[in-house]
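Chains as they are written, first to last, in the UniProt record's numbering: chain A, 1 to 450; chain B, 1 to 610.
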Amino acid sequence: MFSSLKSIGKNDKQRSLGDGTKSFIKNFYAKDLGLISSKSFIQNSNTIILNQIKLSKTRSIKSQPHSITWLNLDNVESRFLLAAKSDGNFVCVDTFQNCSTKENLKILFDSSSSRNGHVHSISCVQWYPIDSGMFFTSGMDQKFKVWDTNTLSVVDEYNLKQKIYSHHTSMSMANTNKTLIALALDNGQVRFIDLNCGSFTHTLKAHNHGHCVSVQWSPIDPNILTSAGSDGRILLWDIRSSKSCLNCLDLEKTINYRISKAVKSKNTISAVSSKAVSHTGPVIGLSYTNDGNHIISLGKDNALRLWNSNSGLNTLVNYGKIALNSVVAETCLQLSCTEMCSSNYVLVPSGPNLLGFDIMNGDLKYNLKGHFDSINCSVYNPALKEIYTGSKDKNVLIWRSENEEIIKYKPNTSTHSGSSLSTLLANMGRSEQNQTTDSNNRDSWSDDEN
Amino acid sequence: MSDFESRENLESLIIDLCKSGLAPLEEDKLKKIKAFCKTSEENLKLSYEILNTQIKKEHSEIRYAALQIIDCLFQRSHSFRELLLDDFQVFFELVLETNTDEPLPPPKKAAIELKKLAAKTIKVWNEKFGNEYKRLELGFNYLKNCKKIDFVSFSHQNIAQRVHTQKQNEKQQIFLNRKFTEYVQEMNDLEVDIKNCVKQLEQSINILVPHENLFNNEDFNITESKRTPVSRNIQEEISDFEDSDSDDDFVEVPVKRSKEEEVEHTNLELKYLGFFNGTSSTIEELKNTNIKIDLFLNENDENKVVIDIMKDLSKELKNLYLVKINKWIKNFTQIRQASENLKKAIEIKNMVQAVLKKIDNLNIKNEENEQKKITTPILSLPLKNSEGTSKNTNQNFENLDEKERKRLEMLKIAPVINLEEMGYLNPLVSKVEAQNPLFQRRDTEVTHDLIENAHRLTKKTFVGTFEPVKWSCRAPLKNGKLCPRMDRFKCPLHGKIVARDEMGNIVNEIDRIELEKNKKEVKPWEDAELLADINAATGLNLEPSDKKKAKKRKSGNLTELNKQETTRERLERRLLDVKSLRRIGAVLDAIERKQNYEKFHHNYNYALQS
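Spelled out as structure tokens, the structure:
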């Protein structure tokens with residue numbers, strides 16, 4: 001039984017398969033034989049697919065007239081992609097579409113035709129976590145708008161009198177009745193909007209010496225919020241009390257740091273030292289890992305840091321120096337993490353390239369070169385194993401594994417739940433013209449034969 | 001080992017090719033490179049590396065050549081394409097100036113060519129390979145949409161410059177349109193005036209010179225009319241005219257008729273009748289006829305009034321109206337809808353110019369004033385000898401001998417000292433001094449005024465006055481103008497400054513001969529003609545080896561970046577170096593010191609430096 005695993009490559013129709021394909025097929029067999037759990041099967045196949053990620057030739061999104069500032073996939077099935085543009089409009093694309101080569105993914109709706117769009121650039125866009133009937137946009141024109149998807153109209157609008165750099169809705173809205181939206185403002189405050197009552201609830205005076213760049217709710221605890229500011233500090237809050245923050249992620253407080261008992265006794269209420277800094281420059285990117293245990297932050301000091309969200313300590317994982325454009329926009333860059341992989345990666349925009357680091361090790365896994373101007377946002381689609389990046393060069397690029405063999409691979413037994421992945425993959429990206437004309441791909445030294 | 005050698009070869013090949021400047025690349029070298037890269041992947045990578053360094057050099061011509069080689073390899077090899085597309089962004093910046101912080105290096109002309117070529121090649125690449133290589137297509141779209149590179153007309157200006165020139169053009173158009181309306185108005189207003197002016201002039205011409213219409217055609221004989229048309233018949237028609245001004249007006253050079261000319265007459269007659277068939281004899285005859293008719297209109301008291309009016313009117317026409325008409329025409333040509341106005345303006349201009357030409361043809365001369373005209377510049381410096389009289393050098397210059405001449409020249413430069421004026425003789429004695437017993441004269445002694453007043457002697461310094469430079473070289477230059485350099489004696493390019501006429505030709509024969517003598521002597525082995533003769537005769541090429549050309553071949557066809565010496569730099573090197581500045585400073589200091597001494601040497605409070 002076990003030996004048959006080794007001879008897989010030879011049996012399979014005598015084709016010469018790539019390594020990735022071989023391990024992919026082995027994975028299938030292992031799952032079928034019960035050697036690995038279904039979870040690890042999923043993780044392995046994801047990892048294999050992600051290893052081969054590159055710029056997609058078959059799928060693409062049409063080039064927009066303005067630079068893309070934020071991308072967001074809906075929470076429910078990771079199907080619809082909203083892209084916010086710098087002229088105050090946005091587009092939505094259905095990523096589950098099949099499209100033939102050379103055709104762009106169809107744009108479902110574009111708010112350019114609507115008169116309700118933002119006047120200035122949209123800084124953040126996000127779907128309503130429960131379903132895709134509603135979404136929120138916040139922009140530099142100091143407005144926060146709530147949109148209805150079907151009619152594409154603004155249902156509610158809040159004027160904040162401050163530029164809004166970011167907002168975030170708690171993903172755990174489904175579990176609790178909480179409908180709070182946190183907004184990161186220009187004067188360093190974090191304001192909350194309650195959707196149920198339609199008004200502001202309270203304000204956190206987060207960053208006094210700069211503007212608040214980003215807010216992120218913890219994916220596991222509905223009351224914990226992280227805010228990052230241009231003063232280089234990342235603060236942890238429990239929103240139930242707005243008096244003082246829980247903790248400031250201090251880059252010097254590392255996991256090797258042991259708080260002595262004496263110090264502990266002194267600082268009872270506010271354990272936050274005002275001199276604590278998370279980054280020696282402004283923070284420009286903030287994200288939780290999908291399990292909620294870690295926080296990843298990117299700062300203008302070219303550093304990417306991983307923090308333990310429970311203790312607030314710097315884990316000192318070394319990602320190397322991230323090259324950033326010296327003129328990075330005031331708004332934050334969108335980091336994203338892959339999920340359901342054996343080792344997850346964090347996708348970091350670095351100038352015109354997208355870097356992918358192993359979260360725990362800090363190894364550089366990808367350096368995806370495709371854009372010509374700085375990337376603003378990146379998002380990972382767990383359903384399709386694709387990465388979308390939006391940049392200042394007005395393109396949204398799709399990155400995926402274009403391994404034809406994996407895509408066309410159909411296992412013999414297709415009734416397992418785990419094989420939904422493969423059927424999905426098989427449906428995706430299959431186009432009528434499977435054989436791309438390789439003629440242009442070949443070398444042509446012919447006119448030298450003189 | 002051969003691998004290493006081939007690598008070195010490849011490197012030297014590429015570097016050589018990159019030195020060809022803007023000239024097209026040499027085919028055989030290019031083929032060798034292609035052959036190299038074809039053999040192995042390693043070579044291809046190596047050539048990519050080398051080309052990468054070359055295209056980063058700070059000389060646009062090197063980049064231009066490197067781009068051509070890259071184009072060549074790009075079209076042929078898949079792996080080369082992949083390599084280049086990885087660094088595509090950097091490639092843009094180096095070749096198309098997408099990053100304005102890093103402009104293309106000098107020379108300017110090559111930079112413009114580089115941009116154009118880059119845009120064209122990238123367009124071609126996209127058309128050929130855009131389907132296969134996503135990044136190429138993305139790059140092309142990026143350039144087109146974000147950086148607004150012009151892929152249609154391949155202008156070398158970036159978007160900002162294009163917008164700027166467009167705005168300037170618009171401004172200019174607005175300006176022209178405004179002027180257009182003004183000028184149309186002006187033209188309509190002045191048309192009448194101009195026509196009146198022209199009419200008056202024509203009438204005055206008719207007064208001075210009888211019109212052709214007054215003569216009958218039968219009076220003309222074909223042959224004779226060509227020679228002396230007007231004069232013969234004038235005398236016949238005299239009686240018909242009231243104004244008898246025209247009688248004496250024509251003075252002609254008498255035409256001598258000889259037998260040969262009689263024959264020529266008949267020949268000409270026959271020719272006009274069409275019988276001669278253009279043989280050489282006619283041409284020779286015509287060649288031999290060199291009759292000059294010098295007609296001019298004499299201005300005397302009788303027709304002075306008319307001529308004055310004519311002059312005034314023609315001046316008015318020329319200086320005022322013609323200038324305006326030219327402006328109108330210039331404006332109308334630049335505006336598209338102005339064709340009718342343009343025609344009108346051109347008509348008016350033709351009319352005016354015809355009249356002016358007629359006036360010129362009349363050739364009005366005032367015989368009495370002829371001799372007063374000075375045609376050549378005369379070197380006359382103001383002369384003041386010690387007697388205080390000026391001499392007219394014109395008259396007696398040649399008569400004096402050497403010594404006298406020298407004396408006179410010296411006298412010119414010598415200072416004029418007037419003792420009385422300066423106060424040496426009969427000085428005014430002030431009251432105070434008169435009362436002072438020490439100053440009083442003793443009658444017994446006889447003293448000379450000069451000695452008595454020795455205490456009042458002052459040291460007078462004579463620095464001289466600055467003699468302004470009067471003469472300019474006026475030698476004819478290649479662009480048609482005259483050399484404007486001014487100097488007292490000679491021009492650095494054209495030699496001694498001599499009297500020249502308006503066209504720049506030397507007036508005096510003597511000067512011309514002297515100038516020609518002083519021209520540089522051509523050495524026999526450098527004489528191109530002589531060498532050519534020898535070459536033709538013996539087949540030996542005796543030209544000396546061109547050191548300069550050999551040097552040029554070594555560094556390729558690249559234009560020098562550093563050696564762009566301006567005139568200012570050249571002059572600065574001469575004038576502003578330390579030694580000459582010191583010398584000039586010393587001279588100026590001495591002059592100033594002398595002047596100051598003259599004024600303040602007795603001032604004991606503020607002692608001057610000696």
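A virtual CB, placed ideally from N, CA and C, is assigned to each residue, including glycine.
For residue i, which residues in chain B fall below 7 Å Cβ to Cβ?
i: N395 of chain A; result: L138
Nearest to residue i by alpha carbon, out of the options?
i: L10 of chain B; options: B:L51, B:L576, B:Q68; result: B:L51
i: L225 of chain A; options: A:K62, A:A182, A:Q334, A:Q162; result: A:A182
i: S374 of chain A; options: A:E386, A:Q334, A:Y366; result: A:Q334
i: F372 of chain A; options: B:Y142, B:C18, B:N331; result: B:Y142
i: Q173 of chain B; options: B:E526, B:Q334, B:I506; result: B:Q334
i: P382 of chain A; options: A:F90, A:L81, A:L304; result: A:L81
i: E339 of chain A; options: A:I49, A:D238, A:S111; result: A:I49
i: K327 of chain B; options: B:M187, B:Q337, B:K365; result: B:M187
i: L251 of chain A; options: A:G281, A:I239, A:D238; result: A:G281
In three-state terms, what does DSSP make of residue i?
i: S359 of chain A; result: Before going on, a small fix: residue 359 of chain A reads as Ile here, not Ser. Three-state DSSP puts I359 of chain A in coil, outside helix and strand.
i: Q203 of chain B; result: helix
i: R76 of chain B; result: coil
i: E402 of chain A; result: coil
i: W471 of chain B; result: coil
i: M134 of chain A; result: strand
i: L381 of chain B; result: Note that L381 of chain B has pLDDT 43, beneath the 50 cutoff, so the model's placement of it is unreliable and the number below is only indicative. It is coil, neither helix nor strand.
i: H66 of chain A; result: coil
i: A111 of chain B; result: helix
i: M410 of chain B; result: helix
i: P492 of chain B; result: coil
i: V578 of chain B; result: helix
i: I14 of chain B; result: helix
Are the CB atoms of residue j and residue i within a distance shorter than 8 Å?
i: S20 of chain B; j: A65 of chain B; result: yes
i: L368 of chain A; j: L384 of chain A; result: no
i: N310 of chain A; j: P219 of chain A; result: no
i: Q189 of chain A; j: T179 of chain A; result: no
i: G299 of chain A; j: G351 of chain A; result: no
i: I68 of chain A; j: A84 of chain A; result: yes
i: R512 of chain B; j: A475 of chain B; result: no
Just how far apart, CA to CA, sit residue i and residue j?
i: Y73 of chain A; j: W399 of chain A; result: In the sequence on display, residue 73 of chain A carries Leu and not Tyr. Cα to Cα, L73 of chain A sits roughly 15 Å from W399 of chain A.
i: I70 of chain B; j: F109 of chain A; result: 43 Å
i: A184 of chain A; j: S227 of chain A; result: 8 Å
i: I55 of chain B; j: D28 of chain B; result: 21 Å
i: H209 of chain A; j: G229 of chain A; result: 9 Å
i: residue 452 of chain A; j: V155 of chain A; result: The structure shown does not extend to residue 452 of chain A, since chain A spans only 1 to 450, so no value can be given for it.
i: S60 of chain A; j: R7 of chain B; result: 41 Å
i: E502 of chain B; j: R485 of chain B; result: 16 Å
i: D148 of chain A; j: E58 of chain B; result: 57 Å
i: G20 of chain A; j: I387 of chain A; result: 19 Å
i: H294 of chain A; j: N308 of chain A; result: 5 Å
i: residue 451 of chain A; j: F136 of chain A; result: The displayed coordinates of chain A run from 1 to 450. Any statement about residue 451 of chain A would go beyond what the structure contains.
Run through chain A and tell me which residues come within less than 7 Å of residue i, C-beta to C-beta.
i: K134 of chain B; result: L55, K57
Could you tell me which chain A residues have their CB closer than 9 Å to the CB of residue i, listed as they occur along the chain?
i: C72 of chain B; result: By Cβ distance, chain A contributes nothing, its closest Cβ being about 10 Å from C72 of chain B, past 9 Å.
i: D86 of chain B; result: K369
i: S77 of chain B; result: D443, S444, W445
Please decide whether residue i counts as near chain D, where near means a Cβ-Cβ distance under 8 Å.
i: Q68 of chain B; result: The structure shown contains no chain D; its protein chains are A and B.
Going along chain B in order, which residues have a C-beta closer than 9 Å to the C-beta of residue i?
i: D373 of chain A; result: Q89, Y142, C146
i: P382 of chain A; result: Ordered by position in chain B, no residue passes the 9 Å Cβ test against P382 of chain A, which lies about 24 Å from the chain.
i: P352 of chain A; result: Q89
Can you pull the chain A residues whose beta carbon is under 8 Å from the beta carbon of residue i, in chain order?
i: H164 of chain B; result: Near H164 of chain B there are no residues of chain A at all, since even the closest Cβ is about 24 Å away, more than 8 Å.
Please list, in chain order, the chain B residues whose beta carbon lies closer than 8 Å to that of residue i.
i: S63 of chain A; result: N141, N145
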